[in-house]
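What follows is a single structure, written as structure tokens, with notes after it.
Numbering (the working numbering), first residue to last: 11 to 1197.
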């Protein structure tokens, strides 16, 4: 039996032009049902049946994939050809993979997922893999992911050194997002790949150019007859003027070439905005090119994920529909899969265009994402762009379908065909069998505008989301409601959850519906309340009427329950609400009862979720990889017992001890990839130790939601309702809440309360325990009074502090403590709501903000320690009370800057011996007193010899991956063993490891994405990601970290300095150091006078005017690129907003900005080393040969 395929274009013989993707039908089902290459030539099933007959169609569709040629109808058989035989490349031995670098907006942890899959796939095929990435918080940079791993800056210079050292045969450029693609392009065009005889695989240079270069892409589309938007290619501001005139009307869309997440782009509604965005776009594009398009605002946007192999077989992996209309970046839009509002004819047209596009662009072994705009009024289709690589949408499509795009793309790049690769889930079908969905997937982006006061929340073509959640349901209504409660923003679904915003007038509401913001979809609830019709809302918002009708259905159903007694609601009515995605919290809100009462009522009626499998084939074949989602579905007919029709697909018990691991949910600032890293390590280690692992998470970007990371994956919201339902279905022995950040920690106490209840015992969970540190110990560390009592008992010093639930209490506490003070809500992560306030006026402003106090928890007020250095400790403890320090990190920024935003070094470089002895002793004592089992993070502040504790967190911290890479020990894996009952002695980890090298972690900040936000570090975390520099000296490691974070430290030029009075003496020595290296100093009046008074004279030191002092001033110098490095330390006795415009100008002009003395000092050290010796590269396996 052999699979045959039709050529993509049959000869003209009176029959319709047909094509078939190998072993794939138009709907991804049967092996040999034909696909029309043009809907005008073939009208779907009717035309097929007219040629083959209904019985023949049914017979072929029921066959196995491989059929004999004799079984095809004679009129088809004459055109069948044997499949092209592909062979795995044996001429390649070593392949280099470039990662995506730090997590930034537009390029998040989906590329760790993609890169990890690619490395595993290539090694499975027998290739040696060299991986380069600068992000330590990634699974792909673990020593066992690749044969040689380099945590080094992603620059051309560094990559050439690694290529020269490792001599790979090939480079796979498509797994590291736009970063890797751009770097690979430069390596090729600058002759470096030819110099070392390295071949580009996965996407050739001409394919990358045709997909990324706006002019080449448009020419390619014109060649194959695919319509593009009326547009003009622009390479200068002068050409931009002419382009606007040529297109003729506003608004205009600006799209830079070779950028990520729409960086530098936008929508211009007038000439002034247009020139500003055009300039930013030209600056952002590495080839100084933008595309100026006619506006398609209000059109519908669709994406298709396409794969092609070396035999020219093409499959459509997934179709994705953007709920938000054109004008909102797809990363900021709510999306659904599969497409829901296209007719079959429209979908087939997009499909045919996609196949033609991937062939014309020339992506011959891998995947691409192709985006279309469709006019809802007349059906016109325009291609927007394509990504000739694995993309953000690829990760979403992989999780939505169970089809591992990155893994398959890696295998295709070395010569395998789609038909050669087996589907991991079914173990029967090949990868040429297109996924089929019998469920609806919804993705909702997660934003962090609250972290950037002054930044606009209006959505545009430049991406602003910092993460996303995904949910799966049997219907759109169920899926989107589950997704909203997965966001962890306090939403329990779409409406009915006390989060509704009120509008003073109908006009205000209608104005809000016109503006695309993250909250706009919730304003539709208000619109229904005010009586607006679906048609009226569509005219205002351009949300598709089909979507609006579904939301209306949710609204009507919820309103029908409002104010009724819970006991009045019968099984049928409650089942209908649950099948529409209503959470227990929403129903509790409507009936004015507790969530617990709703859950108990629901269970008393026999209603519980069932679990269905993501199997790639809509249940056509058995699934062997349990990847599950919940739904409310019954086969019972109306009037019969609903519960009798429940059918769940949870696999039977295996007999192994079972552990459930709670993930971190969607990425956001303060809780990102670092916590997913810990969850993945726990899964890997516990599986290796013989445990059965169950992962619950809702983040489609992560490695933890890969179907083969755990024994069982539940793609579910991390709420009490959803977690309890999984526990009742799985009956685990233990639950781990320690690795996913604040998300699972907030569930620890309610879960403990549930597990201790009779309800849990009746559900068979009497044996289930929360593993590791107890919820009571977690609460003891978070509760200010309990924690203070423990510190007093141990004699551990802490800054003067107080609690407040009112302005009067806050004023009394601040007066007693003395200004400045640090204020923050309790039970937060990422410094949410944390500020330094300097007087009573600022305190009053803080206390009246509606984001400050969470529920009943008071505001914490601490004395702010000036001139202190912060120190982070990660420690491990076992159940027998043994404690080992994992790593001690010294922050480079002063205390008062959030630890997540501060650079830090391991080992420490300036903390005294006595202070280190105190830190070690107190850390061990506190871990023992809190009875920590697993990981603990403690933050200290050091003033001279005095040590103060700032906070303790008995959980995994965001520094765990960094420490693990720095010392060569996987702390999260070790911690998972400790929680499962092992001891530190059994793990042979008994003493702190102090490495001979220096590792520096640096934060990556997204200020350029948020116009209007101030460029300043504070107690509230704002970074999206991190990088690591590692070398034998602090200067080299710090320099590598800065370069990896995207800061081009200058080797010559002028350095701007403006220091507050407190910092001027320290800046004197730093200025001398810069002058000694040959730099020139430009200083503001006060700093200039101080430097001159202390012996530094013109012309080496010059004064530059502040903005209000005349022209030319400092902003003029920044815009003229007369400044190469910007150092400005804000005053500490006032809110540091006076330099906002200056700092932002520096960032927007890509000038490195330093806002602390310690940062300036470290920068000087790095530059001195850079000038004295070349930076070398070294693999992590050489730093840690035994790990």
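From the three backbone atoms N, C-alpha and C, an ideal C-beta is built for every residue, glycine too.
None of the values given here were measured: they were computed from a predicted structure.
Buried or exposed: residue 556, going by 16 or more other Cβ atoms within 10 Å of its Cβ?
-> The residue given as residue 556 occupies position 546 in the chain shown. Exposed is the call here.
Taking DSSP as the reference, what is the three-state secondary structure of residue 97?
-> On the chain shown, residue 97 is found 87 positions in, with the first residue counted as 1. In the structure shown, residue 97 sits in coil (DSSP, three-state: anything other than H, G, I, E or B).
Are the Cβ atoms of residue 888 and residue 943 separated by less than 8 Å?
-> Residue 888 sits at position 878 when you count from the first residue of the chain shown. Residue 943 sits at position 933 when you count from the first residue of the chain shown. Contact flag set, yes.
Among 552, 845 and 318, nearest to residue 442 - alpha-carbon criterion | Counting from one through the chain shown, the residue named residue 442 turns up at place 432. Selected option, being the one with the closest Cα: 318.
Mind checking whether residue 972 and residue 147 have CB atoms under 8 Å apart?
-> As a first step, residue 972 must be located in the chain shown, where it is residue number 962. As a first step, residue 147 must be located in the chain shown, where it is residue number 137. Yes, the pair counts as a contact, with Cβ atoms nearer than the cut-off.
Which two residues bound the contiguous beta strand (DSSP E) that contains residue 950?
-> Sequence index remark: in the chain shown, residue 950 carries index 940 (1-based). Element bounds for residue 950: 944-953.
With DSSP collapsed to three states, give me the class of residue 975.
-> Start at 1 with the first residue of the chain shown, and residue 975 comes out as number 965. The answer is helix: DSSP assigns residue 975 an H, G or I state.
From 959, 636 and 660, residue whose alpha carbon lies closest to that of residue 723 | Reading the chain shown from its first residue, position 713 is the one you call residue 723. If we check each option's Cα against that of residue 723, 636 comes out closest.
For the segment 150-197, which segments carrying the beta strand (DSSP E) assignment without a break, of at least 3 residues, lie completely within its bounds, in sequence order?
-> 158-161 and 180-182
Please list, in chain order, all residues of the same chain as residue 853 whose beta carbon is under 8 Å from its beta carbon, the five residues on each side excluded.
-> Numbered from its first residue, the chain shown carries residue 853 at position 843. Within the same chain, residue 853 has close Cβ partners 817, 820, 821, 824, 831, 833 and 847.
Between the segment 980-994 and the segment 943-954, are three or more C-beta pairs nearer than 8 Å?
-> yes
Residue 926 versus residue 879 - alpha carbon distance = In the chain shown, the residue the question calls residue 926 occupies position 916. In the chain shown, the residue the question calls residue 879 occupies position 869. Rounded to the nearest angstrom, the two C-alpha atoms are 12 Å apart.
Pick out whichever of 384, 401 and 400 has its Cα sitting closest to the Cα of residue 393.
-> In the chain shown, counting from the first residue as 1, residue 393 sits at position 383. Residue 393 has its Cα closest to that of 384, out of 384, 401 and 400.
For the alpha helix (DSSP H) holding residue 217, just list the boundary residues, first then last.
-> The count along the chain shown starts at 1 and reaches residue 217 at position 207. Taken as a continuous stretch (DSSP letters only), the alpha helix (DSSP H) holding residue 217 covers 215-222.
Just tell me which of 530, 687 and 600 has its CA closest to the CA of residue 751.
-> Numbered from 1 along the chain shown, position 741 holds the residue referred to as residue 751. Closest by alpha carbon: 687.
According to the neighbour-count rule (16 or more other Cβ atoms, all chains shown, within 10 Å of its Cβ), is residue 1105 buried or exposed?
-> Mapped onto the chain shown, residue 1105 falls at position 1095. By the 10 Å Cβ count, residue 1105 comes out exposed.
Within its chain, find whatever has a CB closer than 7 Å to the CB of residue 537; leave out the 5 residues flanking it on each side and keep chain order.
-> What you label residue 537 is simply residue 527 of the chain shown in a count that begins at 1. Cβ within range, chain order: 519, 523 and 547.
Rounded C-alpha distance that separates residue 156 from residue 142 | As a working mapping, residue 156 is identified with position 146 in the chain shown. As a working mapping, residue 142 is identified with position 132 in the chain shown. Distance between the alpha carbons of residue 156 and residue 142 is about 10 Å.
Among 1031, 913 and 802, nearest to residue 681 - alpha-carbon criterion = Translated into the one-based positions of the chain shown, residue 681 becomes position 671. That would be 1031, whose Cα lies nearest to the Cα of residue 681.
Would you list, in sequence order, the uninterrupted beta strand (DSSP E) runs of no fewer than 3 residues that lie entirely inside the segment 1084-1156?
-> 1090-1093, 1111-1113 and 1135-1138
Going by DSSP, which residues form a beta bridge with residue 396?
-> Residue numbering aside, residue 396 sits at position 386 when the chain shown is read from its first letter. DSSP, once it has assigned bridges, lists 380 as partnering residue 396.
Quick one: give me the first and last residue of the alpha helix (DSSP H) that residue 754 is part of.
-> Locating residue 754 in the chain shown gives position 744, where the first residue counts as 1. Its alpha helix (DSSP H) spans residues 752-765.
Cβ-based neighbour list, residue 1003, same chain, cut-off 6 Å, excluding 5 preceding and 5 following = The residue you call residue 1003 lines up with position 993 of the chain shown. These residues qualify, in order along the chain: 977.
Leaving out five residues before and five after residue 960 in sequence, what residues of the same chain have Cβ atoms less than 6 Å from its Cβ?
-> Walking along the chain shown from the start, residue 960 turns up at place 950. Taken in chain order, the residues that qualify are 949 and 951.
Where residue 4 falls: helix, strand or coil (DSSP) = Only positions 11 to 1197 of the chain appear in the structure, and residue 4 is not among them; the question remains open.
Name the DSSP bridge partner or partners of residue 873?
-> Locating residue 873 in the chain shown gives position 863, where the first residue counts as 1. DSSP lists 831 as partners of residue 873.
Taking the Cβ atom as the reference point for each residue, do residue 245 and residue 165 lie within a distance shorter than 8 Å?
-> Your numbering for residue 245 matches position 235 in the chain shown. Your numbering for residue 165 matches position 155 in the chain shown. Their beta carbons are not under 8 Å apart, which means residue 245 does not touch residue 165 by this criterion.
Just reading off the alpha helix (DSSP H) that residue 904 is part of, what are its end residues?
-> Taking the chain shown and counting its residues from 1, one reaches residue 904 at position 894. Taken as a continuous stretch (DSSP letters only), residue 904 belongs to no alpha helix (DSSP H), being part of the beta strand (DSSP E) at 893-904.
Inspect the beta-carbon positions of residue 1128 and residue 1156 and report whether they are closer than 8 Å.
-> Residue 1128 sits at position 1118 when you count from the first residue of the chain shown. Residue 1156 sits at position 1146 when you count from the first residue of the chain shown. In this structure, residue 1156 lies closer than 8 Å to residue 1128 by Cβ.
Does any C-beta atom of chain D lie closer than 8 Å to the C-beta of residue 638?
-> Of the chains in the structure shown, none is chain D; there is only one protein chain.
Near residue 1110, what residues of its chain come up, given a Cβ to Cβ distance below 7 Å and the 5 sequence neighbours on each side ignored?
-> Within the chain shown, residue 1110 is the residue found at index 1100, counting from 1. Closer than 7 Å at the Cβ level, and outside the excluded window around residue 1110, lie 1085, 1090 and 1091.
Give the straight-line distance between the Cα atoms of residue 271 and residue 956, rounded to the nearest whole angstrom.
-> To locate residue 271, count along the chain shown from 1; it is residue 261. To locate residue 956, count along the chain shown from 1; it is residue 946. So the alpha carbons of these two residues sit roughly 46 Å apart.
Would you tell me roughly how many angstroms separate the C-alpha atoms of residue 598 and residue 502, rounded to the nearest one?
-> Taking the chain shown and counting its residues from 1, one reaches residue 598 at position 588. Taking the chain shown and counting its residues from 1, one reaches residue 502 at position 492. Rounded to whole angstroms, residue 598 to residue 502 spans 11 Å at the Cα level.
If you compare alpha carbons, which of 243, 620 and 656 is closest to residue 640?
-> Along the chain shown, one-based indexing puts residue 640 at 630. It is 620 whose Cα lies nearest to the Cα of residue 640.
Alpha-carbon to alpha-carbon, residue 1172 and residue 1034 | Position 1024 of the chain shown, counted from the first residue, corresponds to residue 1034. Position 1162 of the chain shown, counted from the first residue, corresponds to residue 1172. Using only the alpha carbons, I get a separation of about 22 Å.
How do the segment 251-265 and the segment 405-420 stand: do at least 3 beta-carbon pairs fall below 8 Å, yes or no?
-> no
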